[in-house]
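Report on one structure; see the data block that follows.
Here it is in structure tokens:
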């Protein structure tokens, strides 16, 4: 489980760096999906209910931003 979380973080870092390296921009929903996956991995590997409660705020933040951008997509 620990290595899967590190893999998700590595892929996320690569996707965020692509535009800086002159590559294509990655859709925001891809990055948000990876963040949700990372939070889910933390949630299910959390040893105590207290640890799970600390993950509620980041989960709600990521989901809120995703819904907001789905309703109001950025103008290009």
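In the numbering used here, the protein residues as written are 1 to 76.
Every residue gets a Cβ at the ideal spot worked out from N, C-alpha and C, and that includes glycine.
Keep in mind that this is a model prediction, so the values were computed, not measured.
The beta carbon of residue 46 sits closer than 6 Å to those of 52, all from its chain and outside the five residues before and after it, given in chain order.
The C-beta of residue 56 has fewer than 16 other C-beta atoms within 10 Å across all chains shown, which makes the residue exposed. In this structure, residue 41 lies away from residue 12, with their beta-carbon atoms at least 9 Å apart. Between residue 39 and residue 58, the C-beta spacing is below 9 Å.
Sequence-distant partners of residue 15 (beyond 5 residues in either direction) whose C-beta falls short of 8 Å from its own C-beta, in its chain, are 26, 30, 31 and 34. Residue ranges of uninterrupted alpha helix (DSSP H) with 4 or more members, entirely inside the stretch 39-76 and ordered along the chain, are 49-54 and 56-71.
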